[in-house]
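Heads up: the sequence lines are chains A and W, in that order.
Those letters in the first sequence? Residues 5 to 370, by my numbering.
Those letters in the second sequence? Residues 664 to 1353, by my numbering.
For every residue, glycine included, the Cβ atom is placed at its ideal position computed from N, Cα and C.
Since the model is a prediction, treat every value here as computed from it, not as a measurement.
The structure appears below as C-alpha cells.
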Amino acid sequence: MPQDQTPEDPRAQVESARDAFEREFERFAALTAESAGLKSPDDPEVLLRDVSEFRTKHLGKKSVLAASKKLIGKVSPEERAAFGQLVQQIESDIVEKIERTEQSLRARVESLRTAREAVDVTLPGRRPHRGHLHPITVVRQRIEDIFVSLGYAIEDGREIETDFFNFDALNIPDNHPARATQDTFYTTDGYALRSQTSTVQIHAMQRRGAPLRMIAPGRVFRRDTPDPTHNPMFFQVEGLCVDRGITMAHLKGTVAEFLRRMFGERTVTRFRPSYFPFTEPSAEFDFSCFKCGGSGCRICKNSGWIELGGSGMVHPNVLRGVGVDPEEFSGFAFGLGIDRMVALMYGLDDIRLLFENDIRFLSQFD
Amino acid sequence: MLISYNWLRELTGTKLTPLELRERLTMVGLAIDSVEEIAGDSVLDVEVPSNRPDCLSHVGIAREVSVIEKSTVKSPESKAFATEGKASDFATVEINDPDLCPRYAARIVRGVKIGASPEWLTTRLAEIGQRSINNVADITNYVLHELGQPLHAFDLNKLTERRIIVRRAAAAEKLTTLDGVERALDEDMLVIADAVQPVALAGIMGGLDSEISSSTTDVLIESAYFDPDSVRRTARRLGMDTEASRRFERGADCENVLLAQTRCVELICELAGGVATEEAIDVYPNPLAAKVVSFRPARVASLTSVRVDPSEIKRILAALGFVEQTGGEDKITFVVPSWRIDVNLEEDLVEEVVRHVGYDRITSELPPSNFAGAYQPAEMKRRALGRALTSSGFDEAISFSFIDVAHDEQFELLPALRRNAGTPAVALANPIIDEAIRMRPTLLPGLLESVRHNFNHGNRDVRLFEIGRVFASSGTRELPEEREALALIATGSAREEGSVQSARDTDFLEFKGAFEAAIDAMRLQSLTFSKAAVKHLRDGQAAVVSLSDGTAIGTMGRLAESLASNYKFRQPVYVAELDLTALLASSEQPIQYAPLPRYPSVTRDVTLLIDREVSFAELAQFISDEATAECTGVKLVGVYEGPNIPANQRSITLRMEYRSDERTLRDDEVEAQHRVLLDATLAQFKAALH
C-alpha cells in the first residue's frame, strides 16, 4: 500500500486553477482581440490595473497555482515529473497570456496618450521678442568685415572738427562752396561738424604715415533740409590706400571687389571722370543694377547703372600736407554713403525713416 | 546746363547722335542728366563739374566733343560789319579796383534799332530755357551761351557823362537791379558806376535805369573779367544767382573778353543795325600770366597703370588747347589755355589724358596684399553689446545729433560732461531744423522723442537703445568734449514675437537686469548701482551707475513724473545712460577656469525681517565680509513687503551655500558657522528672523 496519501488530488487542483484562470481571462482575451472599444486612455489604464491584480491572483504567492507547486514534492516520484511538467506548463501559459495582454494594453495606452499629446505643429512657436540692429549698423558692419578681410584698418575720429581737418588738409580751396555756411554746419565757436569722414584719414596719415590702408565709417553732417532723399546727418565710409606703386587700377580693383562682395558676384563697376578737390585724377563709380542686372528698372531709373560714390588718386597736396612724398608714394581714396546703400539694398524710398526710430520700421531689419 | 544738339553740331560737325553724345560725354566727365527731344532738335542737360566753368557754353562742350571725335571746333560764322570812330570818342572807362576787376572792355554801337529778335534766335534761346527780351539783350545772352563770356549792354545815353567807373560801392549806396529789386550795397561789393551812381552790380546783374529800352539808340557793350571771390561774396550776400554770376564766380576766361565782345557787336550790327566803333576801350593793366605745367608722360602709367602712346598724349592735350612749350622724351612743358582754370599740376594733365583715353582702359586689380586688417579696438565689445541688447528685445535707434534748446537743464549729464560746470552746451551757429541748435549733451531726448513717436502710432511696448556721441563745451575755446554714450529706454511690456499676449510689464528690476546683462556681455567690469537723486529720474527709483573703483559713469531709473507729463507718458518709462567711452577704457575681465566642486554643498535658507532703509547691497556686503571661507555663496530668494509686516520693514529671504574643498561638511559644522553668521547679521542690522 502506498504510504503517502494526498489530501486532494494535486492534478485536479492544478487543473481547477487553470480552469479558474481561463474563465476569468476570457474578458481580457476578448480585449486583446478587439481592443478598439476603448476610447478613453483611462480605460486601458484601469484594465492594466485589473490585469495586474489578476496576475497577482493567479500567479502570486497566495494563488492556487503557487499552492499547487508546493504539491510537487508530495506527488509520488513516478508521477512527479509529469506533474511538475503540467504545473510548469500551466504557469507558463498563464504568464504568457497575461504578458501578451499587458503588452497589448500598454501599447494601446501609449498610442492613446501619444494621440492625446499631439501638437498642432502649425501653431506659431513661442519666440522670445528679439530686438533689431539699425540697418545702418548692419550695413556698416558688413562693410567693415569686407575691408578688414582686405587688409584695412577701421578708424574713426571726432565729429566736430577744425576747418583745417575738414577743408584745408583736403585741398578744398578757401572759396569752395562746401565751406559756405549754407552747406556746412558750424558751432558758435567756429568749428565745423565734419562734412565727410576724410578728416579721419588726415589724422590717420599724420599719426601713422605711409604706407597705410584704412577705412573710416562714421556720422557726417551737411546742411540739407530733410526730404525723402536728404538728411542733415548721414553716414559715410571713406577708404584710403597709400603705398608705393598704387595706381588707379588698384582703386578699380578694390572698389569692384567690395561691390561684388556687397551686391553679388555678377556686379559690374564703372568709373567715370569727375571732380573732387582732394583727388586727381578723380572718378565717380557706378555699379550695375543689382535688381535688374543692367536691363533697366525703377531702382536704376532705367539706366542699368546705380551711382554710388566718388574716388580718385589722392591729390599730391593732400599727401604733402601730411608729410608724405607724392614722388615716393601714391594712393587712392574713395567714399560712399552708407544710408544710400541701405536705401538701395532694402528699397527704402524715404530716408527720413532712418532716424525716426519707428519700431515698425526697425523691426524689419536684422 | 542745357546744350542744343543742333548748335553743337554747327560748331563741331559731330557725327554722333544725341544718345551717343550722352554716353561719350559722360565718360569724359561731363555727365548728361537727360536728353530731351524738342521740335527738330535735342537738348542735353549737362552736369558740369564745379571746376570746369570753361564747359559752361556750347563752345566749351564742343571742345570736348572735338577731342572725342578727333575733329576741330569751327568758329561761329562771322560777317563783316560797318565800323566808324574810336570808342574813346564816345565813352571813358576807369578801373578803380583792379584787384576785383583785372580787365574791362567797352565797345559802342550807335544807331541800333531795338526790336524783337528773329525767330531763329528766340527759338534757340527758348530751347535752352532762355526767355527772349529784345534783340540786343538776346544777343548778349546768345553769345554768353555760345562762348561762355557774360556780357552786358548799357543804354549809352543813360550813363551820366558816358563814363564807366569800376569801383567798390560806397557805404549805404543803393542800386535797383534789372529785376526791380532795390539792393543795399556795401563797401565790399564791386559795382559799375557812371559819373554819379552805380549802374550795374559787377558780374551779377545790370541796373534798371540804364537798361536797354525801345527808345535806346546807342549801346555800350561791356565785356569784362571779375574776380571770382568778389562776385561770389556779393551774390551770396544779396541772395542772387544769375547766368553771369555763376560763370564769373567759378572763373571766366580773361582772354575771351574781346573775342566775345566782337562776336556780340557783329550780331548787333547784323540784327539791330547800327555802326560799331572801330575797336573797344580795353582796360587790362596787368595781363594775367599764362600758367605753365611740366609733365612727365611716364606719370600717366605710374598713376593709372594705363600705357598711352606719346603721340596720343600730345594729340589729346593739343586738342584741349594745351600748347607744347618745350619738348622732350621724359618731360614736356605745356602752356595751359586761359580757359582752363582747373589745371595747375602734372596730375591734372594725367587726368586730362586718361579721361580722353577712357577710364575703361584702366585695368582692375587688387593692390599687393601686405597689410593685416584690424577693427577698431572696441568693435567686438560694441558688437557683443548690440547682440545682448537685441536679444533682450531692444531695437537700435539712431537719432539726429542736434536737439531742441527746450532740453537744456532737463537732464543730468554724464559726469565726464559735467567737468566744466556752468559751461554752455555746444550750439550750432547755423541750424537747419528750427530750435534744434544744440549738439546733444545726452542721448535721452532723442529716445524720449522716439518713444512718443511710437506711442503716437499705437505702439505702447517700446524698447530702444542708442550708441552715439554726446557733446559738451570744453569751457575754453578749444574743441568741444566728445564722448560715446550708450542709452536705453523701455516702457510697456516685453512681448513674445508674433503674439498679442503681453508678458509682464517692464519694471525697475527687469530693466536693470537687461542693462546689466548687456554690460556683462562685453566682459569688462560689472557695474555697481547706488541710490541717488537724479534730476531726470523719479525719486526712489533712481540709481547712479559706477565702475568698481567707484567712478560714476551713468544713471538709470524711472523717468521723473515732470518729464513724463511733458511727453504725456501715462505709463512708466525707464531710462539709462552711460559713458561708453569710460567703460570701454576699463580692462577686460579674463575668463579663468575654476575647478568643479568635489564635495557636495549644504544650503540654508533664512528669512530676515529688516529695516527698509537697509539696502540689499549693504546686507550682502556685510554677509560676504563676515562669512567663513566655507560659505561659498549668498543668493537672494525673495523680498516681501506689505501686509503682515510692519510698514518700516521688509522681509528678505537669502540662501547661503556652504561647502569645503577638502571633505563633505557635517551638518553640525554647517550649523555652527551659519549660526554665528546669522547672529552677527541680526545684530548688525537690528533684524529678526521671520
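- Leaving aside the five residues that flank K101 of chain A on each side, the residues in its chain whose CB is nearer than 7 Å to its CB run, in chain order, F29.
- The beta-carbon separation of S1264 of chain W and T1295 of chain W, rounded to 7 Å, stays under the 8 Å limit for a contact.
- Neighbours of M690 of chain W in chain A, taken as residues at a C-beta separation under 7 Å, are given in chain order as R276.
- With fewer than 16 neighbouring CB atoms inside 10 Å of its own CB, E121 of chain A falls in the exposed class.
- For L90 of chain A, the secondary structure class from DSSP, reduced to helix, strand or coil, is helix.
- By the beta-carbon neighbour count (other beta carbons within 10 angstroms, threshold 16), P960 of chain W is buried.
- D916 of chain W sits in coil when the DSSP states are folded into three classes, being neither helix nor strand.
- For E360 of chain A, the residues of chain W that pass the 8 Å Cβ criterion are S1113 and H1116, in the order they occur in the chain.
- Excluding the 5 residues flanking it on each side, A789 of chain W has same chain C-beta neighbours closer than 8 Å at S795, in chain order.
- As summarised for the stretch 923-1000 of chain W, the continuous alpha helix (DSSP H) elements at least 4 residues long and confined to that stretch are 961-967 and 973-982, given in chain order.
- Secondary structure note for M209 of chain A: its alpha helix (DSSP H) is the uninterrupted segment S202 to R212.
- A direct Cα-to-Cα measurement between S1314 of chain W and L1200 of chain W gives close to 27 Å.
- No Cβ-Cβ contact shorter than 8 Å links E918 of chain W with P891 of chain W.
- For A1092 of chain W, the nearest CB of chain A lies under 8 Å from its own CB, placing it at the interface with that chain.
- Contact of R223 of chain A with chain W by beta-carbon distance below 8 Å involves S1064, G1131 and R1132.
- What V1089 of chain W touches in chain A, judged by beta-carbon distance under 9 Å, is I164, T191, T192, D193 and Y195, going in chain order.
- Taking all protein chains shown into account, R1329 of chain W has fewer than 16 neighbouring C-beta atoms within 10 Å of its C-beta and is therefore exposed.
- The alpha-carbon separation between A952 of chain W and L707 of chain W amounts to approximately 35 Å.
- With fewer than 16 neighbouring CB atoms inside 10 Å of its own CB, N1119 of chain W falls in the exposed class.
- Looking at the backbone, the Cα of A1350 of chain W and that of F1178 of chain W are separated by about 31 Å.
- With contacts defined as CB atoms closer than 8 Å, A754 of chain W and I855 of chain W fail to qualify as a contacting pair.
- The C-alpha of S1193 of chain W lies about 29 Å from the C-alpha of K1231 of chain W.
- Rounded to the nearest whole angstrom, the CA to CA distance from S667 of chain W to H721 of chain W is 8 Å.
- Within the same chain, Cβ atoms closer than 6 Å to the Cβ of D857 of chain W are found at L822, T823 and R826, the five residues on either side in sequence being excluded.
- Its chain contains E1075, A1205 and T1218 as the residues whose beta carbon lies nearer than 6 Å to that of V1197 of chain W, once the 5 sequence neighbours on both sides are disregarded; these appear in chain order.
- In terms of CA proximity to V775 of chain W, W:C932 leads the group W:T1266, W:C932, W:W670 and W:E1276.
- Assignment of D1183 of chain W by DSSP, reduced to helix, strand and coil, places it in the helix class.
- Contact residues of the stretch 133-153 of chain A toward chain W are H133, R134, G135, H136, L137, H138, I140, T141, Q145, E148, F151, V152 and S153 (C-beta to C-beta distance below 8 Å).
- Take H136 of chain A, set aside five residues on each side of it, and the residues of its chain with a beta-carbon closer than 7 Å to its own are L366, S367, F369 and D370, in chain order.
- DSSP, read as helix, strand or coil, puts I791 of chain W in coil.
- In this structure, DSSP gives P1030 of chain W a state outside helix and strand, which the three-state scheme calls coil.
- Put simply, of A:D23, A:F280 and A:S115 the residue whose alpha carbon is nearest the alpha carbon of A182 of chain A is A:F280.
- In this structure, the CA atom of L784 of chain W is about 57 Å from the CA atom of H1116 of chain W.
- As a beta-bridge residue in DSSP terms, H815 of chain W pairs with W:E885.
- Taking C-beta separations shorter than 7 Å and ignoring five residues to either side along the sequence, the partners of S72 of chain A in its chain run P14, Q17, V18, A21 and V91, following chain order.
- DSSP, reduced to helix, strand and coil, places H234 of chain A within a strand of the structure shown.
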